[in-house]
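Report on one structure; see the data block that follows.
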Amino acid sequence: MSSATVPDKRTAKDFASDQEIRWCPGCGDYAILKAVQRTLADLGVPKEKTVFVSGIGCSSRFPYYMSTYGFHTIHGRAPAIGTGVKVANPDLDIWIVTGDGDGLSIGGNHTIHALRRNIDLQILLFNNEIYGLTKGQYSPTSRAGTVSPSTPHGSFETPMSPGALALGAGARFVARSVDTMQKHLVETLTRAHGHRGTSFVEIFQNCLVFNDGVFSDFTEKSVASDNQIHLEHGRPLMFGTLASMLVGLCPPAFPQALGVIYCNPGPTYEENVREQITAAKTVQPAGDLNTLIRAGKTWEVKG
98 MSSATVPDKR TAKDFASDQE IRWCPGCGDY AILKAVQRTL ADLGVPKEKT
148 VFVSGIGCSS RFPYYMSTYG FHTIHGRAPA IGTGVKVANP DLDIWIVTGD
198 GDGLSIGGNH TIHALRRNID LQILLFNNEI YGLTKGQYSP TSRAGTVSPS
248 TPHGSFETPM SPGALALGAG ARFVARSVDT MQKHLVETLT RAHGHRGTSF
298 VEIFQNCLVF NDGVFSDFTE KSVASDNQIH LEHGRPLMFG TLASMLVGLC
348 PPAFPQALGV IYCNPGPTYE ENVREQITAA KTVQPAGDLN TLIRAGKTWE
398 VKG
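Dropping the structure here:
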């Protein structure tokens, strides 16, 4: 291959838009944005075939800051819209960006069905265990006892586990990482991108305004070595190997499992849709739309 045909090596800056980033100073979203841009640069993906789809929330500003295609959609519906984009154009690389409120509360239904259908896209769920955009109410992942404007005496609800939900919905790739663990996060995102089918990545993201330090029980350097398990394919684990057990582990009783928890590739939804359309056309070639509309029972309304 001549030097003239070798594509230019991309950098993270190539994937950064010209928009002013409007997150609170010190927000964990900055670190996640940096990791995603670095991942795409390392992978050398074509920007014109990359699409970021988000719902509503702090994390959902993400598409504005990416120099790719993107949709800032409606609350909780990013997986549904991402599904439509992927089925309409399977060549596109779809990234869903959502949060624990957007993706697990109003959008929980859409998240579940995207996972069970196994569409070839990546779902990045930023989990800060709080509603940050609407000023700190408790979310589906907030821990029992969380004091917030909507739970002034402390939440008494059992928090939802995004990993357990994903496995229960039939997800074939489930992973976890932390906003500040750049090397680990890039490696995890790279693995997710390489998986054919829906990849679900829960990213522990610190909200320093409304829920600062909520993950310090396993992210602080002084306790990280005791309270984290780093998962590597083919390497033994001290706390077992079952994905369902790993997603149930949480400090302080157990270490927090970080890495690819479950990976079992299978047929993807958009592939099945295309195959079904092709088979149907073989049996019955494309006809005339006007004839189809007027087929069967029709009525003529006369004035």
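In my numbering, the protein residues as written are 98 to 400. All C-beta atoms in this analysis are idealised placements derived from N, C-alpha and C, irrespective of residue type, glycine included.
Could you give the first and the last residue of the continuous beta strand (DSSP E) run that contains residue i?
{"i": "Y359", "result": "353-360"}
{"i": "I129", "result": "Note, I129: premise wrong, no beta strand (DSSP E); alpha helix (DSSP H) at 125-140."}
{"i": "G167", "result": "166-169"}
{"i": "S274", "result": "270-275"}
{"i": "I326", "result": "325-327"}
For the candidate residues the options, whose alpha-carbon lies nearest to that of residue i?
{"i": "F351", "options": "Y359, D314, R371, H330", "result": "D314"}
{"i": "A177", "options": "D197, Y161, Y166, N206", "result": "N206"}
{"i": "N225", "options": "A383, I209, G200, A211", "result": "G200"}
{"i": "M257", "options": "I374, V275, I118, S236", "result": "S236"}
{"i": "A321", "options": "R332, A354, L305", "result": "A354"}
{"i": "C360", "options": "G345, Y366, E329", "result": "E329"}
{"i": "H327", "options": "V357, K318, S319", "result": "V357"}
{"i": "G173", "options": "D126, Y166, S164, L222", "result": "L222"}
{"i": "D309", "options": "I227, E368, I153", "result": "I227"}
{"i": "R272", "options": "K232, Q219, N303", "result": "The sequence as given places Ala at residue 272; Arg does not occur at that position. Considering only alpha carbons, the answer is Q219."}
{"i": "S341", "options": "G179, D111, A263", "result": "A263"}
{"i": "G123", "options": "N303, A289, D217", "result": "N303"}
Whose C-beta lies closer than 6 angstroms to the C-beta of residue i among residues of the same chain, with five residues either side of it excluded?
{"i": "D115", "result": "none"}
{"i": "S202", "result": "P237"}
{"i": "I153", "result": "H172, D199"}
{"i": "I118", "result": "Y162"}
Determine, using beta carbons only, whether residue i and residue j come nearer to each other than 8 angstroms.
{"i": "G229", "j": "F159", "result": "no"}
{"i": "V150", "j": "V182", "result": "yes"}
{"i": "F301", "j": "F312", "result": "yes"}
{"i": "F253", "j": "A266", "result": "no"}
{"i": "T243", "j": "G251", "result": "yes"}
{"i": "E372", "j": "V184", "result": "no"}
{"i": "G260", "j": "V344", "result": "yes"}
{"i": "C121", "j": "L305", "result": "yes"}
{"i": "D276", "j": "A128", "result": "yes"}
With a threshold of 7 angstroms on Cβ separation, who are the neighbours of residue i within its own chain once the five nearest residues in sequence on each side are excluded?
{"i": "G363", "result": "N215, R269, G294"}
{"i": "P348", "result": "D314, F315, N324"}
{"i": "T255", "result": "A241"}
{"i": "L389", "result": "none"}
{"i": "Q234", "result": "Y228, S245, P246, S247"}
Pick helix, strand or coil for residue i, following the three-state DSSP scheme.
{"i": "Y235", "result": "coil"}
{"i": "D190", "result": "strand"}
{"i": "L221", "result": "strand"}
{"i": "I216", "result": "coil"}
{"i": "I300", "result": "strand"}
{"i": "A113", "result": "strand"}
{"i": "M98", "result": "Here M98 scores only 44 on pLDDT, less than 50, and its place in the model should not be relied on; the value that follows carries that caveat. It is coil, neither helix nor strand."}
{"i": "S151", "result": "strand"}
{"i": "M163", "result": "strand"}
{"i": "S258", "result": "coil"}
{"i": "G198", "result": "helix"}
{"i": "S247", "result": "coil"}
Whose C-beta lies closer than 8 angstroms to the C-beta of residue i among residues of the same chain, with five residues either side of it excluded?
{"i": "R135", "result": "A109, Q279, V283"}
{"i": "K146", "result": "D188, L189, D190"}
{"i": "T287", "result": "T136, D139, L140"}
Which residues mark the beginning and the end of the alpha helix (DSSP H) in which residue i is found?
{"i": "F315", "result": "313-316"}
{"i": "I374", "result": "366-380"}
{"i": "R119", "result": "Segment: none, R119 is in no alpha helix (DSSP H) and carries neither H nor E."}
{"i": "A383", "result": "First-last for A383: undefined, no H or E at that position."}
{"i": "P176", "result": "175-185"}
Measuring only from the beta carbon, is residue i closer than 7 angstroms to any heavy atom that is part of the ligand ZN?
{"i": "V283", "result": "Judged by which ligands are present, the structure shown has none, so any question about the ligand ZN falls away."}
Is there a Cβ of chain B sitting closer than 8 angstroms to that of residue i, yes or no?
{"i": "L130", "result": "In summary, chain B is missing from the structure at hand, where a single protein chain is found."}
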